[in-house]
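Numbering (the working numbering), first residue to last: 8 to 223.
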C-alpha cells in the first residue's frame, strides 16, 4: 500500500475532519503515458510571471455542477475514457462533485484559501492505482488574491503565460518515487479559479477545453 498523494483541497478537508483514502498498484483502465509540457493540462506554456492584474475583464462564468460536464463529451471520452470518477474508495462521499465552498482554517496559506473556494471537485483515479490520477477543481475567488498567488509561482519553478483569456501557471516535475511526470496547473480568468493536478495521466490542452465550457 503506497502513501497517499495529498491534494490542496484534501488538506483543507483533513483540517475539517474529511479524509481522502488511498489505493495501491497501477490501474489497467487509466490512460497511459506520463504528462509532459506538450501533453499536460494547459498545453505548452511560457513567458514571464503574471502581474497582479492577471485576470481578464469581468465575464460571466458558468461552473459545471457535474464532473462529466467539465469538458465536451468527445473530449471527455478521449481524455478520461473509463477511468473511475470520484470513486468512494478514493474520496469520501460529499468531498467530490458539486461541493459547497469551505471556510479555510484560521491562518490558512493562500493556496488553501483558494482551494477552499472550490465549487466543483473531480478526481479521476482507479482505487488500485499507486500514482496515476487527475484531479480538477473550479471555484470563484478574490481575483486580487489569486493573481498575487500566481505572481509568486515562478519563484517555485512554475512557468506562467497568458492563455485562454486568462493567466496560467504550470510546473512539471519528476515524481520522487515513480518514473513519471507530475504536473500542477493553476488558471485564473476573472474571478474563476481552476486547478488541475495530474500524474502519469496524459492530457493535451485540458485547461483550454474546460474554459470552453466555463465561458461558452
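Cβ atoms here follow ideal geometry from the backbone N, Cα and C, with glycine treated the same way.
Please read all numbers here as calculations on a predicted model, not as lab measurements.
Strand pairing of residue i, partner residues [DSSP]
i, result
"residue 191", "178, 204"
"residue 170", "173"
"residue 146", "125, 200"
"residue 130", "142"
Helix, strand or coil at residue i according to DSSP, with G and I counted as helix
i, result
"residue 103", "coil"
"residue 140", "strand"
"residue 209", "coil"
"residue 92", "strand"
"residue 185", "coil"
"residue 113", "coil"
"residue 72", "coil"
"residue 37", "In this prediction, residue 37 scores a pLDDT of 37, lower than 50, which makes its location untrustworthy; the coordinate-derived value is nonetheless stated afterwards. Residue 37: coil per DSSP, three-state reduction."
"residue 152", "helix"
"residue 162", "helix"
Opening and closing residue of the alpha helix (DSSP H) in which residue i lies
i, result
"residue 121", "117–122"
"residue 216", "213–221"
"residue 84", "80–87"
CA-to-CA distance, residue j to residue i, given in whole angstroms
i, j, result
"residue 152", "residue 201", "14 angstroms"
"residue 162", "residue 174", "16 angstroms"
"residue 206", "residue 75", "20 angstroms"
"residue 130", "residue 105", "12 angstroms"
"residue 90", "residue 220", "21 angstroms"
"residue 146", "residue 66", "14 angstroms"
"residue 195", "residue 117", "14 angstroms"
"residue 159", "residue 70", "26 angstroms"
"residue 264", "residue 149", "Absent from the structure is residue 264, since the part of the chain shown begins at 8 and ends at 223."
"residue 112", "residue 178", "27 angstroms"
"residue 181", "residue 166", "16 angstroms"
"residue 88", "residue 184", "26 angstroms"
"residue 188", "residue 48", "12 angstroms"
"residue 119", "residue 204", "15 angstroms"
"residue 135", "residue 72", "27 angstroms"
Rounded distance between the beta-carbons of residue j and residue i, thought under 8 angstroms
i, j, result
"residue 3", "residue 127", "Because residue 3 is not part of the residues shown, which for the chain are 8 to 223, the question remains open."
"residue 192", "residue 214", "6 angstroms"
"residue 108", "residue 123", "6 angstroms"
Neighbour flag for residue i against chain C, beta carbons, 8 angstroms
i, result
"residue 95", "In the structure shown, chain C does not exist; there is a single protein chain."
Residue i beta carbon near the ligand GTP (any heavy atom closer than 7 angstroms)
i, result
"residue 166", "No copy of the ligand GTP occurs in the structure displayed, which carries no ligand at all."
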